[in-house]
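What follows is a single structure, written as C-alpha cells, with notes after it.
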Amino acid sequence: MANVAIVTDTTACIPSELVRKYQIEVIPIDVVIDGKVYPDNELELGRFYRMLKESPLTAKTIGSVPGPYIEAFSRLASRTDQILCITEPVRFSGMFNAAQLAAMQVLEKQKNLCIKVIPCETAAAGLGLVVLEAARQAEAGKSLNNLVAQVNTLMQRVYLYATLDTFDYLIRGGRIPKIAALADSVLQIKPVFTLRNGDAQTIALPRTAEKALQNILDLMTEHVKGKGKLTAAVMHADALERAHNLEQSIKGKYPQAEILLMEFTPVMGVHTGPGVVGIAFYEA
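In this text, residue positions in the sequence shown follow our numbering: the first is 62, and each later residue adds one.
Following this line, the structure appears as C-alpha cells:
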C-alpha cells in the first residue's frame, strides 16, 4: 500500500478498474436532471446520456462543498498521515476551494496529518493522466513532497485536444452566447479546442467530425517528438466507435504508446453533451 493517499474527483474520468488498482479516492459530484439529484458515480453512463438527450430541461451540477472531502480525508487518516488531493482547474469549478477548506478543518483535529491540495491545469482525461501517474509514483514509495513536485511538472507537459459534436449543451448551460447556436445550426461546425494552463481555447472550426479528428491527430503529431515514453488517454462522451477509431489511428502511428480509454463521467457530460471525442497525452 502506498504511503501517500491520492484523492481526486469524478471530473478526472479515471476508469473504475484503475481507481481500484491504485486505491484512488474519488469524490463524486452531484448532477441535477429535471430537478432530481444524482451522485454522478451512481449513474450508469448509457442511462445518463439517454436522460440528457430526452430531457427538455437544463441539466446542471451542484456547487462544490467541503463535506465529501472532509469525509474522505478523515477516513484516509486511519491508514496514512500523508494525502495528496488533485482537483480540476480553479476557474472550472469550486472543487479546489472546497478541498482546501476541508483540509483546513481536518488538520485542526488531525495534527499529525499532512494534506496537500493542488489545482491541476488540465482537466478530464488530462487530469486523469496526472492523477494516475501520481498514484503510480505513490505506490512506488515516493514522498509527498516529491509527488507534489512531479505533479506540478507533469501538468505542464500534458496536451489535451478534443472536438464537440454540438454547442447545444454549452448553450443550455449558459456557457456560450445563443448566437453560437445559430452559427452551429447553419454551419454545422465541429469545433476543436485545447486546454493549456487552465484555459480552454478554440483552435479550429472544421465542418465535419472526420476533419476534426484528423485535426486532433495532426496537432498531436506536432508535439510528439519520440524522445520518451508516450502516454495517452482517448476520451469520449457516448461516442465509443469514434473513440476507438481515434485510438486505432494513434496505435498505428505510435505502436509503443500506452493508450487508455476514458469515458466522460456525468459531471463532464452535463456541460458538453454526447459526442465529444478527444485525446490527452504526454511524453516522459
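Here a beta-carbon is modelled for each residue, glycine too, at the ideal position from N, C-alpha and C.
Problem - Cut-off 7 angstroms between Cβ atoms - residues of its own chain near MET112, not counting five sequence neighbours on either side - result: ILE94
Problem - Presumed contact (8 angstroms Cβ cut-off) between ILE336 and MET296, rounded CB distance - result: Ile is not the amino acid found at residue 336; the sequence shown has Gly there. Incorrect: roughly 12 angstroms between the Cβ atoms, too far for contact.
Handout entry: Collapsed DSSP secondary structure at LEU266 in the structure displayed
Key = In the structure shown, LEU266 sits in coil (DSSP, three-state: anything other than H, G, I, E or B).
Exercise for the section: Have a look at the DSSP bridge pairing and note the partners of GLU319. Expected result: Looking at the DSSP assignment, GLU319 forms a beta bridge with THR292.
Problem - Residues of its chain near GLY289, where Cβ-Cβ distance is below 6 angstroms and the 5 sequence neighbours each way are ignored - result: GLU344, ALA345
Problem - Where the alpha helix (DSSP H) containing LYS170 begins and where it ends - result: 156-170
Handout entry: Nearest-angstrom Cα separation, counted from TYR222 out to TYR130
Key = 30 angstroms
Practice task
Please say whether THR148 and ASP70 have beta carbons closer to each other than 8 angstroms?
Solution key: Yes, the Cβ-Cβ distance between ASP70 and THR148 is below 8 angstroms.
Handout entry: Whole-number beta carbon distance between LEU145 and LEU208, since they are thought to touch under 8 angstroms
Key = 5 angstroms
Exercise for the section: Compare the beta carbon distance of GLN143 and LEU205 with 8 angstroms and say whether it is the shorter of the two. Expected result: Cβ atoms of GLN143 and LEU205: closer than 8 angstroms.
Practice task
Quick one: which unbroken beta strand (DSSP E) runs of 3-plus residues sit fully inside the segment 180-241? Chain order, please.
Solution key: 220-224
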